[in-house]
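Worksheet: one structure, shown below.
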Amino acid sequence: MKYHDTGSRAPSEALSTWLQEVLNDEVSEFRVQTGYFSAQALGLFLPVLERAAQSNLLTNCLLGSNNASTLKIHVEKLFELLGMPRTNAHLGIVSFGTGLFHPKAYHIRRNDGSQAAYVGSANLTREGLALNIEAAISLDTRGGDKDTEVSKIAAAIDGWFTLPPRQGFTLVDEPDVIEQLAAKGILAKTPLPKQTGGVIGPSATHPKLARLTTLPTVPMPATVDPDNADDFDQSPVPVAAPAIAVAPGLGATVTSTLSPTPTPTLQTFAHKNAFWIETGALTGGSRNQLDLSVVTKHGAISGSISLFGVNGAATGSVTTVTIRYRAWTMRTTRLSFL
């Protein structure tokens, strides 16, 4: 067993370094579960994924899409790299209205039956692999770790792909499923806004971390911005003095609240098809984030809508955010957003 912590900023502590050490021709099985995902982080995995697709090796990938933060086009890329559909490749998306799918675990089995795993805080994103401050434990049966304990990591991932399906889980076995998840608002069609700045207090600014290792590139469609931030695992920040305005249209009653602060007065909007939130300058957090929860006369819409980079510069000026409804489904009391 080995402890890894990139607080030291030593490249040897990064998840990318561990992956470089274990992802070789000996790998016969690969598993991962991650709260946040970017296909642009898969450069180190490309040789193993290619061989897995050619030889139909066991490959189980479980991705969170918390607050619809996972891009549809990135899931499509992973589906392609896995050589799916094929019998020994399984891909699943997990999303909840309340709470997050938040584990980060990586597991490989080798041709000789030995196993290795990495369990910690690092998501399968470029930031998680080589930039963020992360902490983890790695295990390897070749180093004396118990086979029974390392096997539990594999079993935890495999358990999601057994019947009956677990709550919040969707098996992605055909490209059409990815389209359906995007239509339901579980996968994002476009990237969340970039963070362009931000302040901790009146005079302090965020320091910038340097990447610990260089990651191989992954060919992506031209529509994907290679510089767009892809790790949205951040805590919400306070919202100052919200003001809510309304536009006419949709025949549904909607009540809107802002969270976590301040506690607003509930307002009912009848026959509206759009509303927007105006806030003062947002401060705190490496990405300014606004959480919007929605309640209708038919019940609560599960979870909340998280908006990132609402006021990246935090200059004190008012920033307007507009959300428009694309579809309204009475049966599931779910709103789809453009």
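In the numbering used here, the protein residues as written are 309 to 646.
Ideal Cβ placement from N, Cα and C applies to all residues, glycine included.
Please list, in chain order, all residues of the same chain as residue i whose beta carbon is under 8 Å from its beta carbon, the five residues on each side excluded.
i, result
"Leu323", "His312, Tyr414, Tyr426, Gly428, Ala430, Gly436, Leu437, Ala438, Glu442 and Ala444"
"Ile486", "Lys380, Val383, Glu384, Phe387, Val480 and Leu495"
"Gly476", "Val402, Ser403, Phe404 and Phe409"
"Asp270", "The structure shown has nothing for residue 270, since the chain only spans 309 to 646."
"Ser459", "Gln423"
Can you tell me whether residue i is buried or exposed? The criterion is at least 16 other CB atoms within 10 Å of its CB, across all chains shown.
i, result
"Arg417", "buried"
"Lys310", "exposed"
"Glu457", "exposed"
"Thr498", "exposed"
"Ala635", "With a pLDDT of only 37 at Ala635, under 50, the local geometry of the prediction cannot be trusted, and the value read off the model is given with reservation. It counts as exposed."
"Glu329", "exposed"
"Val562", "Note that Val562 scores 36 on pLDDT, short of 50, meaning its location in the model is unreliable and no value can be drawn from it."
Confirm, please, whether the CB-CB distance from residue j to residue i is below 8 Å.
i, j, result
"Thr342", "Leu520", "no"
"Val340", "Cys369", "yes"
"Leu523", "Arg434", "yes"
"Val526", "Leu350", "yes"
"Met528", "Ala347", "yes"
Let me make sure I understand the geometry here. Which of the options has the alpha-carbon closest to that of residue i?
i, options, result
"Ile494", "Leu352, Arg317, Glu358 and Ser373", "Ser373"
"Ser422", "Asp484, Asp453, Gln475 and Glu384", "Asp453"
"Ile465", "Gln328, Ser320 and Leu371", "Leu371"
"Ala376", "Ala463, Leu489, Gln328 and Val485", "Leu489"
"Asp420", "Thr449, Glu388 and Ser346", "Thr449"
"Lys412", "Phe345, Pro319 and Thr498", "Phe345"
"Pro515", "Thr325, Pro319, Leu408 and Asn440", "Asn440"
"Leu390", "Pro355, Leu408 and Leu517", "Pro355"
"Glu673", "Ala360, Gln348, Gly407 and Ser316", "The structure shown does not extend to residue 673, since the chain is modelled only from 309 through 646, so no value can be given for it."
"Phe469", "Asp333, Thr367 and Gln362", "Thr367"
Sorted by chain position, which residues of the same chain lie with C-beta nearer than 7 Å to residue i's C-beta, five sequence neighbours on each side aside?
i, result
"Phe353", "Leu331"
"Pro393", "Asp481 and Glu482"
"Val335", "Val356, Ile416 and Arg418"
"Glu321", "His312, Asp313 and Thr314"
"Arg474", "Trp468"
"Thr478", "Gly400, Ile401, Val485 and Leu489"
"Thr325", "Pro319 and Thr521"
"Ala451", "Just to set this straight, residue 451 is Gly in the shown sequence, not Ala. Excluding residues within five positions, none has a Cβ falling inside 7 Å."
Give the C-beta separation of residue i and residue j to the nearest angstrom, bearing in mind that I take them to be a contact with Cβ-Cβ under 8 Å.
i, j, result
"Asn396", "Leu365", "6 Å"
"Ser446", "Ala463", "Rounded, the Cβ-Cβ distance is 18 Å, inconsistent with contact."
"Phe387", "Leu399", "6 Å"
Within the same chain, show all residues whose beta-carbon is closer than 6 Å to that of residue i, passing over the 5 residues directly before and after it, in chain order.
i, result
"Ile461", "Ala413, His415 and Ala425"
"Leu517", "Leu439"
"Ser363", "none"
Quick check: is the beta carbon of residue i nearer than 8 Å to any beta carbon in chain E?
i, result
"Asp420", "Of the protein chains in this structure there is only one, and it is not chain E."
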